[in-house]
């Protein structure tokens, strides 16, 4: 990685003009789902400005329709791929940074990776990055005030503890003792990014139990104890909701940008974009924060075997990320949001929808494969039927979706 490229990535990402806002990448196929999320947020008194980046694949008629509506707040639509295609090295204007042409940008970023461009080119210093298929049961605005975010400028949520031999957990060149994640991190050169700022983190005290040398950088305690590093999971992070402060995390932001730049750095092992935020902060040797809880399950398929012994199959549920001081109340931590396009299919008045009670991230219940279950089926949990208030949130979101479909048809 050349220093001049790091400098350009840093300067590009740090050109901000607003303090805080929401970033919601969209395209035509998910426009109605995403715009219904905007309606949901506004109904919950979330007044932050919203950026809607796209890659030339969001109809102007859709954009105009929403901008003409009342009570939608400040919304900015823009073509982030056009900006990316025009970005050149600050020291060598003939050198393209993200793509050599607009058509190549379309090919590269009409995918999950538009989300990384959206962070880099956002005008906001503090970003709440959202997926369109997110449904909130309460306002997410309180997340900004958590000690986790205020201390680190980040807040992440976990993914399933599953598929230990896939994605990040895939064996490196057939070596069952070293995953592609282990290899990638142990060989990443952090030196070019070192001049950029970070939030100094304490030196890890746990032993590295994986047979790779980590002399290239100082790993975090979280990494060394994580399920993904220790071959219990092929995933670590779900990127449906990410809090990211570009000003407080300049080194990590530059590394994040480098993952999608034309630079010769191999992209980290990940399903889409979701692990790249975690890996950027880890390699930046900076402090960062995850939810205290693992991901839960939500759906119709509730196999009731009693408290702590049941199975809930379906999609992802996430809990308010701070564990209570009283350990006996951990399981009762409230569900903050769901991440699934199944939110449009649920009919809670006709068919009950259940969620699994909260479980701390460090709990490893065992292998889905050994239980003969799909990874969408958390086991040894307590299932709870959604309350009428929670069911009403689902029905209201569906109503917003129908309204948006009518607007843009």
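In my numbering, the protein residues as written are 6 to 414. Note that the Cβ used here is the ideal one computed from N, Cα and C, for glycine as well. What you are looking at is a predicted structure, and each value in this text was computed from that prediction instead of being measured.
Check whether residue i and residue j have beta carbons under 7 Å apart
{"i": "residue 289", "j": "residue 260", "result": "yes"}
{"i": "residue 46", "j": "residue 26", "result": "no"}
{"i": "residue 5", "j": "residue 110", "result": "Nothing about residue 5 can be reported from this structure: the residues present for the chain run from 6 to 414 only."}
{"i": "residue 233", "j": "residue 241", "result": "yes"}
{"i": "residue 130", "j": "residue 314", "result": "no"}
{"i": "residue 319", "j": "residue 366", "result": "no"}
{"i": "residue 100", "j": "residue 169", "result": "no"}
{"i": "residue 325", "j": "residue 338", "result": "yes"}
{"i": "residue 56", "j": "residue 28", "result": "yes"}
{"i": "residue 15", "j": "residue 201", "result": "yes"}
{"i": "residue 82", "j": "residue 395", "result": "no"}
{"i": "residue 224", "j": "residue 317", "result": "no"}
{"i": "residue 413", "j": "residue 17", "result": "no"}
Cβ-based neighbour list, residue i, same chain, cut-off 6 Å, excluding 5 preceding and 5 following
{"i": "residue 152", "result": "none"}
{"i": "residue 182", "result": "216"}
{"i": "residue 294", "result": "153, 157, 159, 160"}
Cutoff 8 Å; reference residue i; Cβ partners in own chain excluding five residues on either side
{"i": "residue 85", "result": "30, 58, 59, 60, 114, 119, 122, 123, 126"}
{"i": "residue 348", "result": "138, 140, 399, 402, 403"}
{"i": "residue 330", "result": "none"}
{"i": "residue 291", "result": "157, 203, 204, 205, 206, 254, 256, 257"}
{"i": "residue 97", "result": "9"}
Paired residues, beta bridge with residue i - DSSP
{"i": "residue 359", "result": "304, 390"}
{"i": "residue 365", "result": "298"}
{"i": "residue 59", "result": "84"}
{"i": "residue 25", "result": "131"}
{"i": "residue 249", "result": "132, 159"}
{"i": "residue 176", "result": "184"}
{"i": "residue 325", "result": "Paired residue(s): none; residue 325 is not in a bridge."}
{"i": "residue 344", "result": "139, 321"}
{"i": "residue 101", "result": "93"}
{"i": "residue 384", "result": "316"}
{"i": "residue 68", "result": "According to DSSP, residue 68 bridges with nothing at all."}
Simplified DSSP assignment, three categories, for residue i
{"i": "residue 159", "result": "strand"}
{"i": "residue 242", "result": "strand"}
{"i": "residue 133", "result": "strand"}
{"i": "residue 291", "result": "strand"}
{"i": "residue 405", "result": "helix"}
{"i": "residue 411", "result": "helix"}
{"i": "residue 227", "result": "helix"}
{"i": "residue 193", "result": "coil"}
{"i": "residue 168", "result": "coil"}
Cut-off 7 Å between Cβ atoms - residues of its own chain near residue i, not counting five sequence neighbours on either side
{"i": "residue 184", "result": "173, 174, 175, 176, 177, 236"}
{"i": "residue 312", "result": "387"}
{"i": "residue 247", "result": "134, 161, 282"}
Contact the stretch 28-39 vs the stretch 272-288: 3+ CB pairs below 8 Å: Output reads no: the stretch 272-288 does not touch the stretch 28-39.
The stretch 350-367 touching the stretch 134-152, judged by at least three CB pairs closer than 8 Å: Result no; under three Cβ-Cβ pairs closer than 8 Å.
Sufficient close CB pairs (3 or more, under 8 Å) joining the stretch 212-225 to the stretch 296-305: Counting Cβ pairs under 8 Å, fewer than three are found: no touch.
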